[in-house]
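Read through the structure below, which is laid out as structure tokens, and then see the notes.
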Amino acid sequence: MAESTNDQVVVLRAQDIATIIHGVGLDRLMDEMILAIRNAAGNLDPDVTMTMERAGFQYDKPDLGLVEWMPAMELGRTVAIKTVGYHPSNPIQRSIPSVLATTSLHDTSTGALQALVDSTLLTAMRTGAASAVATDILADPKSSVVGVVGAGAQAVTQIHAISRVRPIDRVLAYDTDPIVAGTLANRLPLTIPVDNVDDIGHLVGGSDIVCTATTVDIGGGPVMPDVVHRPHLHVNAVGSDFPGKTELPLSLLRRAMVVPDDTEQCLREGESQRLRADEIGPDLAQLVKTADAFEPARGRLTVFDSTGWSLEDLVAAELMIDHANRLGVGLRTNLQSLPDDPYSPYGTLLGVDQRD
Ligand SMILES: NC(=O)c1ccc[n+]([C@@H]2O[C@H](COP(=O)([O-])OP(=O)(O)OC[C@H]3O[C@@H](n4cnc5c(N)ncnc54)[C@H](O)[C@@H]3O)[C@@H](O)[C@H]2O)c1
């Protein structure tokens, strides 16, 4: 947890996240993230750990986008709130990622801000890690081919995370922007052949695991066809995270066992928004808690409906704070106004005025 005194806030900037990753190692950090999310889901006690569906502002001026907040609380300890912006025009128009995020941690004894954590890379890593948790339970153990539809930032961490739980030796990639698809291999932290395909049906039919991670428009899906596929196909549907924005064909979804990360949120904005509640399977927490019971599911079509769960953000931020404290990384700064006299909000300012 954040080692902050009442008046000191731990700030982890992009450079601090990079220093931690160099110190820990990218593979090890991803392994830790996968384990931490699995443990958090598996030990979830709703009386102790509370998460809320995200909310936010959506707009179409000057460009289509949104800024949302994603809260989670460990009772008696910490509230984590990630603020996340999604602006799909960012990469092409501004050369910055579509998804930008920051997490704040607050002490529930006092309400004091404990930490601010740059969470853009962490969001990509925890999204990959959550898919790896679901994949590890649901995918055929021999899965070796991952197909990605959408080859942007999330595709990188999907492939990386899945490679930590399955013996992946080939990637099939499709993106509506061939330049993005063409650079995917260079953006991966592992050496693995990446075949760029024009025919998405070929990608779906030839993959053991498919990850959809596109910025498809609202109403623009599906991004892949419902074609003949391997009987054990597992799909991580990552890009459906907004009402009306879906990536999978409904016919495929209806045949699958669908595992939402957060059921209420998925019913509103995930793939599950087109399903009835009784067509949806166990959520991620239930899946992890009773993982052995789902071994037979490894032979059938399964879908992880990933909208992004605020618990993952709490876990990711705390993991980084633990490493920061161990490695002595990050700023410790007096960010908050904490006057000596708690009844005197003007505090020393009054003293200065009086001396004048
Ligand atoms: N589930 C989660 O927890 C989570 C977390 C982060 C991001 N996301 C979502 O994942 C999606 C991808 O995010 P990103 O950071 O990788 O964005 P990105 O901009 O880096 O990449 C998205 C890619 O999708 C491609 N694309 C758009 N429409 C397509 C289509 N119909 N078929 C194939 N490719 C298409 C774009 O050309 C682009 O290269 C976004 O919708 C984002 O909101 C989900």
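For the sequence shown, position 336 (counting from the first letter as 1) is numbered 346 according to the working numbering, and the numbering increases by one without interruption.
We put the beta carbon where it would ideally sit given N, CA and C, even for glycine.
Model, not experiment: these values are computed from the prediction.
Across the set D351, G357, L297, the C-alpha of L297 shows the shortest separation from the C-alpha of D146. Counting along the chain, V214 sits inside the alpha helix (DSSP H) bounded by residues 210-215.
With 16 or more neighbouring CB atoms inside 10 Å of its own CB, N246 falls in the buried class.
Excluding sequence positions up to five before and after T317, its CB lies within less than 8 Å of the CB of S250, D251, P270, D271, D272, Q275, C276, E279, G280, all in the same chain and listed in chain order. In the structure shown, M43 adopts helical secondary structure according to DSSP, grouped into three states.
For Q25, the distance from the CB to the nearest heavy atom of ligand 1 is not below 8 Å. At least one heavy atom of ligand 1 falls within 8 Å of the beta-carbon of Y184. By the CB criterion at 9 Å, V19 and N344 fall inside the cutoff. For L85 and A326, the gap between their C-alpha atoms comes out near 18 Å.
Scanning the stretch 109-171 from its first residue to its last, the whole beta strand (DSSP E) runs of 3-plus residues come out as 109-117, 123-128, 155-159.
With 16 or more other CB atoms across the displayed protein chains lying within 10 angstroms of its CB, I169 is buried.
K71 sits in coil when the DSSP states are folded into three classes, being neither helix nor strand. Sequence-distant Cβ neighbours of P253 in its own chain, meaning closer than 7 Å and more than five residues away, are R278, E279, Q283. For the pair K299 and K71, the Cα-to-Cα distance works out to about 43 Å. The alpha-carbon separation between P349 and T120 amounts to approximately 14 Å.
Sixteen is the threshold: since fewer than 16 other Cβ atoms of the shown chains lie within 10 Å of the Cβ of A28, the residue is exposed. The DSSP-derived three-state label of A82 is strand.
Taking C-beta atoms as the reference points, L260 and V313 fail to come closer than 9 Å.
Ligand 1 approaches E322 closely enough that one of its heavy atoms is under 8 Å from the residue's Cβ. Leaving aside the five residues that flank E42 on each side, the residues in its chain whose CB is nearer than 7 Å to its CB run, in chain order, L329.
Under DSSP, K255 forms a beta bridge with F252. The C-beta separation of A171 from G138 comes to about 3 Å, placing the pair in contact by the 8 Å criterion.
Counting only runs of 3+ residues, the beta strand (DSSP E) found wholly inside the stretch 299-363 occupies 312-315, 341-343, in chain order. With respect to the 9 Å criterion, V204 and T222 are not classified as neighbours on the basis of their beta carbons.
Secondary structure at H242: coil, using DSSP grouped into helix, strand and coil. When only Cα atoms are considered, S154 and D17 end up about 50 Å apart. For T256, the distance from the CB to the nearest heavy atom of ligand 1 is not below 8 Å. Within 10 angstroms of the beta-carbon of K152 lie fewer than 16 other beta-carbons, which makes it exposed. Note on the stretch 267-299: whole beta strand (DSSP E) runs with a minimum of 3 residues are 267-270, in chain order. In the DSSP assignment, V94 falls within the beta strand (DSSP E) that extends over 88-96.
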